[in-house]
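First the structure, in the form of structure tokens, and then the observations on it.
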Amino acid sequence: MPSKDAPILVTGAAGHVGANLMHRLVEEGHRVRALLRRGESEEAVDGLHGVEKAYGDLRDHRSLAEAVEGCRRVFHVASMVSTIDGDAEHRRTIYETNVLGTRYLMQAAKKTGVERFVLTSSFSAVGYDLDETSKPADETMQFYPYHRAMPYERSKVLQEHELLKMCAEGMDALIVTSCAVVGGHDYLPSRMGTTLCKFANRELNVYSPGGFEFVAARDIVDGHVRAMERGRTGQKYIVATQFLDFDHIFDMLEEITGAPRPKIRVPAKTLLPLAEVSSWLVTRLAPKKQQ
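Structure below.
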């Protein structure tokens, strides 16, 4: 990457990808400005030399303008992640944070002269082949608008659209798509980290068939850095290490942790109605719980 004099803004600095990205940038001698929300854990930043803390919220125009001032590169990693449908307020918060927040940040970045902007997207926003749904997906596959999707998934698609609109206005920006991340510096922890902890603590009893495209934390960070250095404007790059089905994952975790793998396998079509009920209950009874 060019000059190390100007700070590089990293949003979502308290999260799994953001924390690993900051460590990489600091190791390479870059100045880093970490965007944090007041009140959230700062463990990912504490102790890192050369990291400046900035406080703000993706829904607050002014705080974003202040955070990006003086930066020439931006890694926009922050996102409100959710695996539930939720109520109207929940869906609105996701939209305002992920979609409008990206718009506001990019507008501020363009106004202050940011030279390159990298957005972290999700495999949730990747499309699939309608005629051959088992076919491996790539960057060319469009998200199918009539696919049943959670608010978070839709927000990530719309977030990418915001970036492409800014590219059409002349901004140099691109997308890095992350899969399920596994690795260190997972301080909060992430959803994947929470799941691994639950397995080790023997708290996972039921699972559904399927699997995930996984990526090592070091690989997703490497993908971000390479995209910033050599990526093409407006392009999307999926960074993945390996697809693993749940049976394979649980076998590995059982061997590593000594904890028994879940024994009860329930079809997805059976779990879906239960998940919808759980979504409704969690939104109303525990709105601040990780969703």
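Counting with our numbering, you get residues 16 to 306 for the letters of the sequence shown. C-beta atoms are modelled at their ideal positions from N, C-alpha and C, and glycine is treated no differently.
In three-state terms, what does DSSP make of residue i?
i, result
"Gln157", "coil"
"Arg280", "strand"
"Val197", "strand"
"Val230", "strand"
"His64", "coil"
"Tyr70", "strand"
"Tyr222", "strand"
"Thr98", "coil"
"Ala103", "helix"
"Lys126", "helix"
"Ala274", "coil"
"Thr285", "helix"
"Leu145", "coil"
Roughly how many angstroms lie between the CA atoms of residue i and residue j, to the nearest whole one?
i, j, result
"Thr155", "Lys19", "34 angstroms"
"Met37", "Leu203", "15 angstroms"
"Gly273", "Met267", "10 angstroms"
"Val25", "Asn220", "37 angstroms"
"Thr108", "Val230", "28 angstroms"
"Arg163", "Gly65", "44 angstroms"
"Ile86", "Gln122", "According to the sequence shown, residue 86 is Cys rather than Ile. For Cys86 and Gln122, the distance between alpha carbons rounds to 14 angstroms."
"Val197", "Ala255", "11 angstroms"
Buried or exposed for residue i, going by 16 or more other Cβ atoms inside 10 Å?
i, result
"Asp149", "The sequence as given places Ser at residue 149; Asp does not occur at that position. The residue is exposed, with fewer than 16 neighbouring Cβ atoms inside 10 Å."
"Val32", "buried"
"Gln157", "exposed"
"Tyr161", "exposed"
"Leu50", "buried"
For residue i, which residues does DSSP report across the bridge?
i, result
"Phe90", "Val25, Val133"
"Arg48", "Leu24, Glu67"
"Ala188", "Phe132"
Sort the options by Cα distance to residue i and report the nearest one.
i, options, result
"Gly62", "Asp75, Val41, Thr272, Ala82", "Val41"
"Pro151", "Val281, Pro22, Ile279, Phe258", "Phe258"
"Asn113", "Ser137, Arg131, Tyr159", "Ser137"
"Ala195", "Ile235, Leu173, Met165, Asn35", "Ile235"
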